[in-house]
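Asker: Starting off with a structure, shown below.
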Amino acid sequence: MRVILLLVLFLSACASPAPQFFGAQRHDITLEGIRFAVFHDASQAEVIRLGYLGRDARAAVPELMVIAAERTTGCQAVPNSLRSRIPGDTGEARLSLRCPGG
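Here is the structure:
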C-alpha cells in the first residue's frame, strides 16, 4: 500500500504535455501559490496546473493560466481562446497566442 501511495504522489507532481506539445518548450511558474507548467509551441500553449486544489480554490485558475502563458512565453493570449478538453476542468487548458515577430 505504501508503494502505491508513493507512486501516486510522485506522478501527481509530474506534468506531461498532450502529444501535440511533445518537443514544446516547457516553462514552470508559480502564481498566487499555484504551480503551473506551460508548454509553448509557436502560436499556442498548453497550461497544466500542478498539485491538488480544493473546489473552492479553483475559480481563479483559468485567469491565472492565461497570465502564466503570457509571462512565460512573452506572447499575448488571444482573448477568449482558453479551452479545456474537459469543460470546467482547471487542471489543463490550451490557448492561442500572438507572439512578437510571429
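Reading the sequence shown from the start, the letters are residues -20 to -1, 1 to 82 in mature numbering (1 follows the signal peptide of the UniProt record, and there is no 0). No residue lacks a Cβ here, since even glycine has one placed at the ideal position from N, Cα and C. Since we're looking at a predicted model, the values are computed, not measured.
Flag this pair as yes or no: are the beta carbons of E12 and A40 separated by less than 8 Å?
Answerer: Judged by beta-carbon spacing, A40 lies within the 8 Å limit of E12, meaning their Cβ atoms are closer than that value.
Asker: Which residue from H20, G54, P42, D8 puts its Cα closest to that of E72?
Answerer: P42
Asker: Look up A48 in the DSSP assignment and say whether it is helix, strand or coil.
Answerer: helix
Asker: Let's see if you can read the secondary structure: which residues bound the beta strand (DSSP E) around residue 152?
Answerer: Not covered by the structure: residue 152. The range shown for the chain is -20 to 82.
Asker: State the Cα-Cα distance for the pair Q5 and A(-6), rounded to the nearest angstrom.
Answerer: Straight-line measurement puts the Cα of A(-6) at about 13 Å from the Cα of Q5.
Asker: Leaving out five residues before and five after R51 in sequence, what residues of the same chain have Cβ atoms less than 7 Å from its Cβ?
Answerer: I9
Asker: Go through its chain and collect everything with a Cβ distance to D21's Cβ below 7 Å, but skip five positions before and after it.
Answerer: F1, A4
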